[in-house]
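Using our numbering, you'd call the opening residue of the sequence shown number 1 and step up by one each time.
Written below as structure tokens is the structure these notes are about.
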Amino acid sequence: MVTLHQFRTYVMDWIIQLFANTESVAHIVLLYAVVIAVGVYLGKIKVAGISLGVTFVLFAGIVAGHVGFTAPENILTFIQDFGLVLFVFMIGLQVGPGFFESFGKAGVKLNGLAALGILLNIIVMFICYYVFFDTSNPNNLPMMIGTLYGAVTNTPGLGAANEALSTVFPNNDVPQIASGYACAYPLGVLGIIGATILVKYFCNIDLDKEEKRLVALENANANVKPHKMFLKVTNSYLEGKTLLQVHNFLNRDFVCSRILHEGHVSIPNRNTVFHIGDQLFMVCAEADAEAIMAFIGPKIEVEWEKQDQPLVNKRILITRPSINGKTLGQMHFSSVHGVNVTRVTRQGMDLFASAGLPLQVGDRIMVVGPEDAVNRVADAMGNSIRRLDAPNIATIFVGIFLGIIFGSLPIAIPGIPIPMKLGIAGGPLIIAILIGRYGYKVKLVTYTTTSANMMLREIGLVLFLASVGVKAGAGFVDTVVEGDGLLYVLTGFLITVIPILIIGPIARMRFRFNFFTIMGMLAGTYTDPPALAYANSVCSKEAPALGYSTVYPLCMFLRIFTAQIIVLFFCG
């Protein structure tokens, strides 16, 4: 019979074995489960409406590493690098579709200002390094690089710098730059918002007037969203002309989805002939509506009951991989299927259905035509939500494979003692951006639901943060508490605030951007969601989100790329 003492001894031995045997799989899984769970829950705590989110996993990992709750170095390094690869690759897939489109019109100016902000962050970092620190100590510059990426709240940059350092420092003697990151991050989040508020006061900005200007601008500019109207053909020039001839003469995109001729409704195609008195259902960009109306005829009220066969409108979901990348013109909806596509909805936005628009898996198309023809088109497009729920996991790992190969290619640059490599952060990021934008051309289906993308990103991020935190925890007290911790906090705050106080007034006074757009641009420059959340809370329009999304892809790329450049140029 087992005594109480023996039972207690058994339980204690079991607990000690579980927590102390760092080589066991159970211990390693337990370590990550505890660190990530504690970090995520603590990250939800808000102070003055602001929380650190999953970044708190880093601090939980530092505490675990400090008290000796750790795992073998090689295991921590593997999980850290795998998490980083997964994180940056999913970011690349997310920003890829809009990466190159962000350089249009005002986007060029916003991205230029954001790039200048990134450059200023680096300049301020080096000034602080030479003013406040002993440059003869080889560990001080790597720590300042960690402080830089904590100050700008950019975790992928930390990962890229950490990975680049491993190629510079041999024998696994890599400085634990996460300590500098941890010192600067909390004030970085607060500093971005605080400095943005200071810009408002420096430029004497009235938020109510700014919002009124946004409303006036929306009313003044023609909306490019699809515009529907019923027209009657009254222009005698159009008698006997085909739809294609009218389209070519106007040189404007429009879709004629239905035509009422002598009491009969039909679906027109490019060879349909117009006659005086015909009644048309037209869809076009709002900016083109007035010109089309002036050429064809006036708006009217139409009763479509008089028709030979019932016509239906139906939103069809594209889920068949073979459709990915084909343009609307290549699909021949009108001539082959007897239906018309009037608009395309992609990621919540309505797009005008021009002939040159490439379709992507996940798009929803509005199809108009006879019911049986519309149903045939639905079958041809897939129209299966269940298909979208199934992840395109092959694309992810094909992309990661290509990214690792690309990141491993040596690039010789004069002045750098060793060839530069984009590494496991830069390589997968660039490949993911290219796949996200052009993957359909090589039959790669890149569609993932927003929730699936976010899940994989968050898993990769917390694995990376937990690993970095645990590895940095052992020396955190010596480096920060008993060392130059307060100096890292101060320099991090300067790195955060000074560029914003320069870029914000330039964007306002030189380029006359709306302040809400500037707020979004600054949040995107620092890739900082809490700053965007604050901007959205004070503005009812989309300007902050548009500013953020315009600069975010380039800034994320530059943060990761410049991290490696700084390390290889100055730490090599």
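Where a beta carbon is used, it is the ideal one built from N, C-alpha and C, also for glycine.
Run of the alpha helix (DSSP H) containing residue i, from where it starts to where it stops
i      : result
Pro186 : 178–202
Cys555 : 543–570
His275 : First-last for His275: undefined, no H or E at that position.
Thr517 : 515–525
Leu158 : 155–168
Gly423 : 423–438
Ala37  : 25–43
Leu444 : No alpha helix (DSSP H) holds Leu444; DSSP gives it neither H nor E.
His66  : 56–66
Ala151 : 140–151
Gly329 : 328–331
DSSP bridge partner residues for residue i (one or two, in chain order)
i      : result
Ser408 : Its beta-bridge partners do not exist; DSSP assigns none.
His261 : His264
Asn340 : Val368
Arg315 : Met366
Thr242 : Val273
Cys256 : Met282
Gly382 : Ile318
Other residues of its chain near residue i: CB distance less than 8 Å, five sequence neighbours each side excluded
i      : result
Phe82  : Gly460, Leu463
Leu501 : Ala195, Leu198, Val199, Phe202
Ala178 : Leu58, Ile62, Gly146, Leu158, Asn162, Val468, Gly469, Lys471, Ala472
Phe570 : Leu141
Asn251 : none
Pro505 : Val199, Phe202, Cys203
Distance, residue j Cα to residue i Cα
i      : j      : result
Ser257 : Phe281 : 6 Å
Tyr488 : Cys183 : 6 Å
Pro544 : His261 : 48 Å
Ile62  : Gly180 : 12 Å
Ile45  : Ser334 : 56 Å
Asn223 : Glu290 : Annotation note: pLDDT 45 at Asn223 (below 50); position unreliable, coordinate value reported separately. Roughly 12 Å between the two C-alpha positions.
Ile404 : Val131 : 38 Å
Ala531 : His264 : 57 Å
Val398 : Val468 : 27 Å
Tyr534 : Leu522 : 12 Å
Tyr526 : Cys128 : 19 Å
Val29  : Ile36  : 11 Å
Phe254 : Ser354 : 7 Å
His66  : Gly475 : 7 Å
Val581 : Ser549 : The structure shown has nothing for residue 581, since the chain only spans 1 to 572.
Met143 : Ala26  : 33 Å
Ile435 : Gly382 : 22 Å
Val477 : Val40  : 23 Å
Ser24  : Ile75  : 11 Å
Met454 : Val302 : 46 Å
Asp379 : Ser266 : 22 Å
Ser136 : Asn154 : 27 Å
Range covered by the beta strand (DSSP E) that runs through residue i
i      : result
Leu359 : From DSSP, Leu359 is part of no beta strand (DSSP E); its letter is neither H nor E.
Ala507 : Looking at the DSSP string, Ala507 is not in any beta strand (DSSP E), and its letter there is neither H nor E.
Phe281 : 279–285
Own chain residues within Cβ distance below 6 Å of residue i, not counting five before or after
i      : result
Tyr32  : Ala466
Phe133 : Asn140
Ile205 : Phe515
Asn392 : Val445
Tyr552 : Gly524
Ala541 : Ala is not the amino acid found at residue 541; the sequence shown has Lys there. Once the five neighbours on either side are set aside, the close Cβ partners of Lys541 are Leu214.
Asn271 : Thr242
Met519 : Thr196, Ala535, Pro544
Residue i, buried or exposed, once every other Cβ within 10 Å from all chains shown has been counted against 16
i      : result
Ile433 : buried
Thr234 : exposed
Pro186 : buried
Leu243 : buried
Val567 : buried
Asn221 : Model confidence at Asn221 stands at a pLDDT of 47, short of 50, so the residue's coordinates are unreliable and nothing is read from them.
Glu210 : buried
Gly356 : exposed
Thr3   : exposed
Pro138 : exposed
Met331 : buried
Gly277 : exposed
Ala216 : exposed
Pro72  : exposed
Leu113 : buried
Residues near residue i by beta carbon distance below 7 Å, same chain, minus five either side
i      : result
Leu558 : Ala115, Ile118
Lys299 : Met229, Phe230, Leu231, Met293
Ile424 : Asp81, Leu84, Val85, Glu163, Ile404, Gly407
Val246 : Leu238, Phe274
Val374 : Val312, Lys314, Val339, Val367
Residue i at chain C interface by Cβ criterion, 7 Å
i      : result
Leu568 : Absent from the structure is chain C; it holds one protein chain and no more.
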